Structure formats: C-alpha cells, structure tokens
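**Q** Residue numbers (the working numbering): 936 to 1000.
Every residue, glycine too, gets a C-beta built ideally from N, C-alpha and C.
Just so it is clear, the structure is predicted and the values come from calculations on it, not from any experiment.
Here it is as structure tokens:
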C-alpha cells in the first residue's frame, strides 16, 4: 500500500526536465565545491596572519626585556 502512495508523489520527468534537473544539481555541486575552496583559502590565510602576529608579539616581548 505504501509503495503505491509513494509513486503518486513523484511525477515522471520528460528527458528535457530530467536533463535540466541534472544540470541544476551539477551547478549546485560546483558552487558548493568552489565555496569550500574559498573557505579553505580563507582559513589558510587566517592561519598565516595569526602566525605572523604571534611572531611579532614574541619579538616585541623579547625586545622589551
């Protein structure tokens, strides 16, 4: 009984609709991947900035002594 109800929820797609749906999902995957790369680059940049700031503080601390 459940199976017959499930088939009513989904309409059959034409080949054109199916192609458009696949293209839409591929664009979403591509956008997600590029966002991930930007986040990774931002994180690496922030880590370098933090490392620079730590070294700068340490040099300043040592020069005060």
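Which class does residue 958 belong to by DSSP, given the choice of helix, strand or coil?
**A** In this structure, residue 958 counts as helix in the three-state DSSP scheme.
**Q** Expressed to the nearest angstrom, what Euclidean distance is found between the alpha-carbon atoms of residue 952 and residue 976?
**A** Distance between the alpha carbons of residue 952 and residue 976: 36 Å.
**Q** In the structure shown, what three-state DSSP assignment does residue 936 receive?
**A** The pLDDT assigned to residue 936 is 46, lower than 50, so where the model puts this residue is not dependable, and the model offers no usable value.
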